[in-house]
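Heads up: the structure comes next, in structure tokens.
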Amino acid sequence: MLLRYKKTYEKIAMGLLSYMPGDKNAKKLQETIHRYETDDSWQLYLLKKEDDFIGLIGVELGDEDYTLFHISVNPSFRGEGVGKEMVAKLQALFPNKECKSTEETDLFIKKCQVKEEGAD
Numbered sequence: 273m274l275l276r277y278k279k280t281y282e283k284i285a286m287g288l289l290s291y292m293p294g295d296k297n298a299k300k301l302q303e304t305i306h307r308y309e310t311d312d313s314w315q316l317y318l319l320k321k322e323d324d325f326i327g328l329i330g331v332e333l334g335d336e337d338y339t340l341f342h343i344s345v346n347p348s349f350r351g352e353g354v355g356k357e358m359v360a361k362l363q364a365l366f367p368n369k370e371c372k373s374t375e376e377t378d379l380f381i382k383k384c385q386v387k388e389e390g391a392d
């Protein structure tokens with residue numbers, strides 16, 4: 273189940289964000305979370321399976337598209353299609369918007385698209 277971020281998930285979200293490549297210091301993570309909390313165009317979602325939060329996906333919404341800024345999966349669940357599942361759930365939430373990527377998320381998005389095309 274993909275759940276929209278709320279303040280009570282802050283520590284979980286920061287933990288999952290820390291798995292993203294790049295700056296992992298606490299101040300940078302707090303700044304990222306603050307942006308998701310205060311800017312309506314930035315939306316963060318957590319993936320919950322049974323009783324555990326195992327993934328996180330964050331986007332900036334535009335009028336006709338959204339940009340995927342963050343995608344992170346708990347290392348214990350990597351290789352199980354969790355990231356691809358989150359991307360698919362996000363596309364279902366915004367069916368009329370195009371998914372764009374950043375330098376950090378571009379390869380993963382392309383990997384998801386190749387698998388989707390090959391699944392036909």
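The opening residue of the sequence shown carries number 273 in my numbering; numbering runs sequentially from there. Cβ atoms here follow ideal geometry from the backbone N, Cα and C, with glycine treated the same way. Keep in mind that this is a model prediction, so the values were computed, not measured.
Using CA coordinates, which residue listed in the options is at the minimum distance from residue i?
i    : options                : result
I305 : Y277, G334, T374, K361 : Y277
L288 : V359, G330, S373       : G330
I326 : N346, K299, D335       : N346
E309 : K279, L328, A364       : K279
S266 : L362, E332, D324       : Nothing can be reported for residue 266, as the shown portion of the chain is limited to 273 through 392.
K356 : K382, E322, Q302       : K382
H342 : M273, N297, L301       : L301
D335 : G351, P367, M273       : P367
Just to confirm, are residue i and residue j a CB contact at a threshold of 8 Å?
i    : j    : result
D337 : E375 : no
S348 : Y291 : no
L379 : Y317 : no
L319 : V354 : yes
Is it buried or exposed, residue i, if we count other Cβ atoms within 10 angstroms and call 16 or more buried?
i    : result
A285 : buried
K283 : exposed
M358 : buried
Is the CB of residue i under 8 Å away from at least one CB in chain C?
i    : result
E357 : Among the chains of the structure shown, chain C does not appear; only one protein chain is present.
Residues in the same chain with beta-carbon distance under 6 Å from residue i, minus the five sequence neighbours each way, listed in chain order, please.
i    : result
S373 : L340, I381
Which residues in the same chain as residue i place their Cβ atom closer than 8 Å to its Cβ, once the five residues preceding and following it in sequence are excluded?
i    : result
K299 : none
Can you list, in chain order, the residues of its chain with a C-beta nearer than 7 Å to that of residue i? Leave out the 5 residues immediately preceding and following it.
i    : result
P293 : E376
Q363 : C371
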